[in-house]
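Here is the structure we will look at, set down as structure tokens.
Residue numbers (the UniProt record's numbering): 1 to 458.
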């Protein structure tokens with residue numbers, strides 16, 4: 001009897017200032033077939049086909065439980081520049097109705113939800129924050145206008161910072177993965193850049209239409225990045241090699257062969273975004289820190305490595321100074337490469353370019369691996385893996401924009417001007433490429449020696 005009495009009280013509370021719901025309407029701001037699936041009001045199932053404003057007539061009820069099992073996908077136009085067409089992402093949400101007031105149009109809810117992705121799992125993603133409920137007489141409106149992509153949803157726990165734009169990266173000056181302050185990035189990059197430009201002055205261009213166009217593009221991307229106040233310095237290398245690389249502090253070098261191989265401006269924007277992410281995430285000095293830590297631990301023990309905040313203790317510095325020749329300091333890890341992919345895609349998108357450019361580049365790379373490129377790929381994630389991760393990111397977290405730039409007449413005109421200068425022969429280019437790598441490595445070691453020498457003198 002007690003339970004029956006409680007149910008009666010609950011029924012009274014729910015029905016207070018409430019009519020029975022006989023109509024359910026769903027509204028959103030996505031393309032007509034971006035959302036579809038099943039919505040359940042109490043035990044009544046509604047098959048939602050994705051059209052905003054779709055209305056369902058239901059048997060009169062005081063709703064207590066609502067659940068939404070939806071598929072999130074995109075219109076065909078979304079895939080125009082993609083390599084793959086991913087299956088839909090599953091979104092599951094449940095709402096417990098505590099009460100609603102048809103006069104005020106308010107609904108009191110308890111919310112929960114989850115998202116199931118195709119590959120990398122973001123188990124603690126919750127999209128229930130993107131849903132509002134409104135009551136007008138006997139009509140219940142389920143409003144998903146806030147939902148633009150999974151980036152609109154709530155992130156908790158490990159993955160709450162998936163969209164990184166504006167968060168200034170991580171550990172820029174902190175103790176742990178990077179022992180250097182950003183001023184060291186600038187100093188190392190400046191010295192290495194000067195060494196390259198001095199030794200290969202006949203092939204490295206700061207002026208000229210292609211070099212100036214690259215500078216304009218990367219400046220635009222940098223302004224949309226986590227370091228909008230850092231001015232990039234971009235150089236065009238007249239060598240028939242499909243490559244680009246970034247030095248710490250904002251120095252980026254782009255080879256002629258890369259530009260010739262790219263079909264669209266969006267692909268170039270993706271590559272430049274990737275390189276700029278190496279700069280903003282400080283992967284260069286992070287790699288130096290990792291390798292210094294390894295050699296210091298080997299020779300003096302882990303305790304002395306951490307003897308001072310931000311930089312090594314005196315004992316570690318003393319030994320490292322004499323052991324630098326035994327290890328390489330530069331070289332990005334696979335995790336750093338994947339991080340640069342993820343963040344670089346977002347930089348390119350924020351700058352107005354199609355976010356699919358980088359995945360198109362890696363998809364084509366898989367078809368044309370040869371010589372140095374095979375060696376590069378062997379120390380990097382597989383191109384197919386990178387394509388899959390990039391396109392999943394774009395599919396789920398970056399809203400489709402009809403205004404995103406794929407290519408432009410200005411870009412094609414700048415690319416055409418490369419024909420006015422003769423590229424260095426390929427066999428010379430290969431030798432130059434190897435020499436540049438050694439030059440950068442020695443320059444970085446020189447910078448580290450200078451810093452450690454000061455530490456020893458202190």
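Don't be surprised by glycine CBs; every beta carbon is placed ideally from N, CA and C.
Collapsed DSSP secondary structure at residue i in the structure displayed
i, result
"residue 142", "strand"
"residue 177", "coil"
"residue 37", "strand"
"residue 380", "coil"
"residue 134", "strand"
"residue 21", "strand"
"residue 186", "helix"
"residue 421", "coil"
"residue 235", "strand"
"residue 84", "coil"
"residue 154", "strand"
"residue 56", "strand"
"residue 205", "strand"
"residue 74", "coil"
"residue 341", "helix"
"residue 447", "helix"
"residue 459", "This structure cannot speak to residue 459, because the chain is shown only from 1 to 458."
"residue 428", "helix"
"residue 282", "coil"
"residue 359", "helix"
"residue 331", "coil"
"residue 225", "coil"
"residue 264", "coil"
"residue 398", "coil"
"residue 230", "coil"
"residue 193", "helix"
"residue 462", "What the structure shows of the chain is the stretch from 1 to 458, and residue 462 is not part of that stretch, so it cannot be assessed."
"residue 289", "helix"
"residue 162", "With a pLDDT of 49 at residue 162, under the threshold of 50, the predicted position of this residue should be treated as unreliable, though the coordinate-derived value follows. Reduced to three states, the DSSP call for residue 162 is coil."
Beta-bridge partners of residue i, as assigned by DSSP
i, result
"residue 113", "93"
"residue 245", "253"
"residue 47", "38"
"residue 68", "39 and 93"
"residue 62", "Its beta-bridge partners do not exist; DSSP assigns none."
"residue 101", "106"
"residue 353", "405"
"residue 126", "154"
"residue 28", "144"
Nearest-angstrom beta carbon gap, residue j and residue i [assumed within contact, 8 Å]
i, j, result
"residue 148", "residue 129", "So it is not a contact: roughly 12 Å between Cβ atoms."
"residue 23", "residue 55", "6 Å"
"residue 268", "residue 242", "Actually they do not touch by this definition, with Cβ atoms about 12 Å apart."
"residue 282", "residue 185", "6 Å"
"residue 408", "residue 265", "6 Å"
"residue 284", "residue 188", "7 Å"
"residue 396", "residue 150", "4 Å"
"residue 135", "residue 115", "With 8 Å as the limit, residue 135 and residue 115 do not qualify as a contact, their Cβ atoms being about 27 Å apart."
"residue 19", "residue 102", "5 Å"
"residue 91", "residue 70", "5 Å"
"residue 358", "residue 270", "3 Å"
"residue 329", "residue 444", "5 Å"
"residue 394", "residue 356", "6 Å"
"residue 254", "residue 261", "Not confirmed; about 12 Å, so no contact."
"residue 279", "residue 246", "5 Å"
"residue 47", "residue 38", "6 Å"
"residue 273", "residue 348", "4 Å"
"residue 51", "residue 93", "No, residue 51 and residue 93 are not in contact; Cβ-Cβ is about 19 Å, not under 8 Å."
"residue 392", "residue 86", "6 Å"
Pick from the options that is closest to residue i, judged by C-alpha positions
i, options, result
"residue 450", "324, 225 and 150", "324"
"residue 74", "92, 33 and 64", "33"
"residue 414", "353, 236 and 94", "236"
"residue 428", "53, 411 and 202", "202"
"residue 440", "399, 80 and 252", "252"
"residue 53", "145, 110 and 219", "145"
"residue 41", "97, 51, 50 and 27", "97"
"residue 263", "125, 19, 401 and 364", "364"
"residue 380", "335, 66, 76 and 272", "335"
"residue 117", "60, 89, 191 and 85", "89"
"residue 228", "250, 181 and 68", "250"
"residue 60", "126, 139, 100 and 78", "139"
"residue 28", "133, 448 and 425", "133"
"residue 351", "57, 219 and 292", "219"
"residue 78", "31, 360, 291 and 240", "31"
"residue 402", "87, 277 and 76", "76"
"residue 62", "80, 43 and 72", "43"
"residue 362", "331, 338 and 346", "338"
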